[in-house]
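*Asks:* Provided herewith is a single structure, encoded as structure tokens, for subsequent inquiry.
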Amino acid sequence: MAGGGRGLDDRTVAQLADELAAASESRTTIELITARYPEMTIEDSYAVQRVWRSRREAAGRTLVGRKIGLTSRAMQQATGIDEPDYGVIFDDQVFDSGVRIPFDRYSNVRIEVELAFELGAPVAAGASVEDVLAATAAVIPALEVLDSHIQLQGRTIVDTISDNAALGAMVLGERIPPGQIDDLRWVGAMLSRGEVIEESGVSGAVLGHPARGVVWLADRLAGHGDQLAAGEIILAGSFTRPMWVERGDLVSCDYHELGRVTCSFD
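Per the UniProt record's numbering, the sequence shown runs over residues 1 to 266.
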């Protein structure tokens, strides 16, 4: 599985985008892509993602942000990849805290704990952590709803990127100016299902500083002829393991001084 160049032709890329779109509509999963196309590269998988994105935009959806995945060292080592990945977020994938989400909207449901950065200005390639913070209008405590349309066992980075980095939705809490947070590396959170705390973590686990993921993303997008624009919301990467969710679960994440983010699955 190479990191650079393309191993698949455009027809195969479009076919894979069709399969994933159909799986999304039917709430099912497809066979591992890499099992069928071992020559597929990371750039092929981003090409599949771009086809899916262009079709959603043609159908009237609006891009509102991006998600970054594989930001923890443990996950990178598990996949054999030494960099994160990214996906796109559309307007129908954004919810406010307290939302009741239909469980059957997704093929499978897991929850991750993240900080989101709402950009007040563009962020270009070559930016620093300080540049990202200066461009950030608000930091938002958030939950990411993961939803995979590819079978989970044996997935590689190529499978996940093709599937828009397994993004289902994001649930957002209160918007907080970054200057009101003493040190973004030390934002802690406790994730609960009902009354039981299932996961906890601190935001510095994301590449040492959650804004560093946005730095990486700006550089990576430039290589794909894309860029981060003012108004976009960036999910910077999880600092807990994914928590599986079942029908009827009430999910709550306590971010202490940043507030609480909740959602439930009917």
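From the three backbone atoms N, C-alpha and C, an ideal C-beta is built for every residue, glycine too.
Treat the numbers as computed from the prediction; the structure is a model and nothing was measured.
1. Would you call the region 236-254 in contact with the region 194-204, where contact means no fewer than 3 C-beta pairs closer than 8 Å?
2. Figure out for me which residue from Q227, V158, Q180, E144 has the closest Cα to the Cα of C253.
3. Y86 by DSSP, collapsed to three states: which one?
4. Are the C-beta atoms of E118 and some chain D residue less than 8 Å apart?
5. Is P102 closer than 8 Å to D266 when the C-beta atoms are compared?
6. Which runs of the alpha helix (DSSP H) spanning at least 4 residues fall entirely within the region 117-159, listed in chain order?
7. With DSSP as the reference, please indicate the residues paired to F239 in a beta bridge.
8. Is the beta carbon of R61 sitting closer than 8 Å to the one on D18?
9. Using only CA atoms, which one of W52, V13, R36, R260 lies nearest to A21?
10. With respect to the beta strand (DSSP E) encompassing T262, which residues constitute its N-terminal and C-terminal limits?
11. Which residue wins for smallest C-alpha separation from S192, given the options G179, T262, L119, D10?
12. Cβ atoms of P141 and G173: under 8 Å apart, would you say?
13. Give the straight-line distance between the Cα atoms of L235 and R66, rounded to the nearest whole angstrom.
14. With respect to the alpha helix (DSSP H) encompassing V48, which residues constitute its N-terminal and C-terminal limits?
15. Out of A211, G204, H256, A35, which one is the CA nearest neighbour of R73?
16. Go ahead and label A2 buried or exposed: buried means 16 or more other beta carbons lie within 10 angstroms of its beta carbon, across all protein chains shown.
17. Assuming G201 is part of the beta strand (DSSP E), what are its boundary residues?
18. Apart from the five residues on each side of it in sequence, which residues of its chain come closer than 7 Å, Cβ to Cβ, to H224?
19. Going by the CB atoms, is the gap between A124 and Q227 shorter than 8 Å?
20. With DSSP collapsed to three states, give me the class of L70.
21. Compare the Cα-Cα distances from N108 to each of E257, L152, E232 and report the closest residue.
22. Which first and last residues belong to the beta strand (DSSP E) in which I101 is found?
23. Exposed or buried, which one is T136 when buried takes at least 16 other CB atoms within 10 Å?
24. Just to confirm, is the Cβ distance from N164 to G87 under 8 Å?
25. Which residues in the same chain as P122 place their Cβ atom closer than 8 Å to its Cβ, once the five residues preceding and following it in sequence are excluded?
26. For the beta strand (DSSP E) that R11 lies in, which residues bound it at each end?
27. Can you name, in chain order, every residue of its own chain whose Cβ lies under 7 Å from the Cβ of V214, other than the five neighbours on each side?
28. Where does the unbroken beta strand (DSSP E) through A169 begin, and where does it stop?
*Replies:* Well, looking at it:
1. yes
2. E144
3. strand
4. This model lacks chain D altogether; it includes just one protein chain.
5. yes
6. 129-135
7. According to DSSP, which records beta bridges pairwise, F239 is partnered with nothing at all.
8. no
9. W52
10. 260-265
11. T262
12. yes
13. 6 Å
14. 42-58
15. G204
16. Bear in mind that a pLDDT of 44 at A2, under 50, signals an unreliable position, so the number given afterwards is only what the model happens to contain. Label assigned to A2: exposed.
17. 196-202
18. Y46
19. yes
20. coil
21. L152
22. 99-101
23. buried
24. yes
25. A135, Q227, L228, A229, A230
26. Where R11 is concerned, there is no enclosing beta strand (DSSP E), although the alpha helix (DSSP H) it sits in stretches over 10-26.
27. F117, V123, V132, I234, A236
28. 167-172
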